[in-house]
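What follows is a single structure, written as structure tokens, with notes after it.
There are 2 protein chains.
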Amino acid sequence: MKEKEALYQVLRMNGLRLTRTRRVFVELFTRNKKPISVLDILDEFRRTRQKVNKTTVYREIERWQTLHIVSEVLFGERVSRYELVLRGHHHHLVCVECEHVEEVEVNERDLHCQEKKMSQEKKFTFLRHSLEFFGLCAQCRAEKCF
Amino acid sequence: MKEKEALYQVLRMNGLRLTRTRRVFVELFTRNKKPISVLDILDEFRRTRQKVNKTTVYREIERWQTLHIVSEVLFGERVSRYELVLRGHHHHLVCVECEHVEEVEVNERDLHCQEKKMSQEKKFTFLRHSLEFFGLCAQCRAEKCF
DNA sequence: TTGACAAATGCAACTAAGTTGCATTAAGAT
DNA sequence: ATCTTAATGCAACTTAGTTGCATTTGTCAA
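Protein chains in written order, with the numbering used here: chain A, 991 to 1136; chain B, 991 to 1136.
Dropping the structure here:
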């Protein structure tokens, strides 16, 4: 697992101690493909019969964000989800029925081109954009037909 | 004001009574250019020295959503904002410094084309997407330079 | 114009997600 | 093994929104 090593290295390089909490975080984030919420993390601790306080989880997530280990993703809910930055820039397909999330590569050439044009017209500096797709995954679509 | 009439008509057509709350809603949504939060609405009532309970506001907003008078917009915060559906499909530039919001038209031909392709590859039915731009408006950019 | 009645509103209590301050515990350097 | 301070736990709080039920108020029919 190259990802795990990479994460442990970033933690070490930033002088962070190797705690039980961090080990669980590394496990969870490397194992999961889709963005993870604080509730997901708390569930994982419960599942493995380890105790943790939600404050600790929130604080650790904050640290991981400031170290750019994870970044926040929002799917139009009121909960924040997080994903590994090292997995690169990408977008998501979110199934509105079952919450299934899939990563997708979108060709952003056209989008960047438009940002450039708008930047000049509006004197607006573009820093980032959010682009997420919502719909029905293959399974839910099939189920919906009957 | 064509917009106001249109709104009052929708309300009437759906058998909704013409209450003080609804009048304020119509005023606010037609006057404002940018998406409005529940807090904005409560502030408007306070400003005009009218009393309203937050429950009423939340319930009215819910009604307006189900009647497709307004739609929810999220800018990666934890608050929901709403805007008039009759103003059509568009995207937003959001200034991360001053919260200023501007509507923008984006040419989505390329995006739709990609959605179509992905739809076939992934057997995913695309229902909608969210696309918002974050950056610095002209003023904030100027201020940031010193 | 006045009742009647459902729609609309108010109120209080609750939930979910996240935050803060401060006391306690435990990594890991010496 | 000890010491320092990062990390954690706990309780209390905040913010955004929700729910159940009692009260008020538009509107329609008489």
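Every residue, glycine too, gets a C-beta built ideally from N, C-alpha and C.
Inset, instruction - Note down, in chain order, every chain B residue with its Cβ under 9 Å from the Cβ of A/GLU1034. - result: Under the 9 Å cutoff, chain B gives no residues; its nearest Cβ is about 23 Å from A/GLU1034.
Inset, instruction - With DSSP as the reference, label B/THR1009 as helix, strand or coil. - result: coil
Inset, instruction - State the Cα-Cα distance for the pair B/VAL1000 and B/THR1020, rounded to the nearest angstrom. - result: 14 Å
Legend entry - Straight-line Cα distance separating A/GLU1105 from A/ASN1097: 14 Å
Inset, instruction - Under 8 Å by Cβ, that's how I've got A/VAL1028 and A/ILE1051 pegged, so tell me the actual separation to the nearest angstrom. - result: 6 Å
Legend entry - Test: B/CYS1135 CB closer than 7 Å to a CB of chain A: no
Inset, instruction - Identify which residue in B/ASN1022, B/CYS1088, B/LYS1107 and B/THR1046 has its Cα closest to the Cα of B/THR1011. - result: B/THR1046
Legend entry - A/LYS1167: contacting residues in chain B (beta-carbon distance under 9 Å): Because chain A here runs from 991 to 1136, residue 1167 of chain A falls outside it and cannot be looked at.
Inset, instruction - Mind reading off the beta-carbon distance from A/GLU1087 to A/TYR1072? Whole number of angstroms is fine, and I expect it under 8 Å. - result: About 23 Å separates the two Cβ atoms, so there is no contact after all.
Legend entry - chain B within 7 Å of A/HIS1080, Cβ atoms only: no
Inset, instruction - Report whether the distance from the Cβ of B/VAL1063 to the nearest heavy atom of the ligand FAD is below 6 Å. - result: In terms of ligand content, the structure shown is empty, and the ligand FAD therefore cannot be addressed.
Inset, instruction - Kindly indicate the opening and closing residues of the beta strand (DSSP E) around A/PHE1124. - result: 1115 to 1126
Legend entry - A/GLU1151 versus A/HIS1082: straight-line alpha-carbon distance, rounded: Here chain A comprises residues numbered 991 to 1136, so residue 1151 of chain A is not present and cannot be evaluated.
Inset, instruction - Please say whether B/LEU997 and A/VAL1115 have beta carbons closer to each other than 7 Å? - result: The sequence shown places Thr at residue 1115 of chain A, not Val. Not a contact, by the Cβ cut-off of 7 Å.
Legend entry - C-alpha gap between B/ALA1128 and A/TYR1048, whole angstroms: 35 Å
Inset, instruction - Could you say which of A/LEU1064, A/GLU1017, A/VAL1016 and A/VAL1014 lies nearest to A/PRO1025 if we only look at CA atoms? - result: A/LEU1064
Inset, instruction - Look at the Cβ atom of B/ASN1004, then the Cβ atom of B/LEU1057, and state whether they are nearer than 7 Å. - result: yes
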